[in-house]
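The structure appears right after this line, and notes come after that.
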Amino acid sequence: MANTAQSKKRARQNERRAAVNKSRRSRIRTFLRKVEEAISSGDKKAASVALTTVQPELMRGVTKGIFHKNTVARKMSRLSARVKKIA
Numbered sequence: 009m010a011n012t013a014q015s016k017k018r019a020r021q022n023e024r025r026a027a028v029n030k031s032r033r034s035r036i037r038t039f040l041r042k043v044e045e046a047i048s049s050g051d052k053k054a055a056s057v058a059l060t061t062v063q064p065e066l067m068r069g070v071t072k073g074i075f076h077k078n079t080v081a082r083k084m085s086r087l088s089a090r091v092k093k094i095a
């Protein structure tokens, strides 16, 4: 339990940050789900459009400290390879 004024303030800040990060993570997962759905439906045009919309969101997640840059690079690489594979 926080005792000092500083630690109480940090606890409040951490709660707010966690809420913001949770909403950002959820938003990014929604964009990723749209790409997955387009890939599974076999629609290459929709998948490539969804992929181009998810790229800046993922990069924003990196700059905001939600994801590690290598994790996002791996996700983007795998997604783009799967979109490219659609006939």
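Per the working numbering, numbering of the sequence shown is gapless, rising by one per residue and ending at 95. Each residue gets a CB set at the ideal place from its N, CA and C atoms; glycine is no exception. Note that the structure is predicted; figures quoted are calculated from it, not measured.
Contact belief for residue i with residue j at Cβ below 8 Å, rounded distance in angstroms
i	j	result
Val-43	Leu-66	Not a contact, Cβ separation roughly 10 Å.
Arg-29	Ile-74	One point to set straight first is that residue 29 is Asn, not Arg, in the sequence displayed. At roughly 6 Å, the Cβ-Cβ gap stays under 8 Å, so Asn-29 and Ile-74 are in contact.
Arg-25	Lys-72	About 10 Å; that fails the 8 Å criterion.
Candidates the options: closest to residue i by CA position
i	options	result
Lys-53	Asn-11, Val-91, Ala-27	Val-91
Ile-36	Ser-49, Pro-64, Asn-22, Ser-15	Pro-64
Ser-88	Lys-72, Arg-68, Thr-61, Gly-69	Thr-61
Leu-40	Met-84, Ile-94, Lys-93	Met-84
Per-residue DSSP class, three states only, for residue i
i	result
Phe-39	helix
Asn-78	helix
Gly-50	coil
Met-67	helix
Met-84	helix
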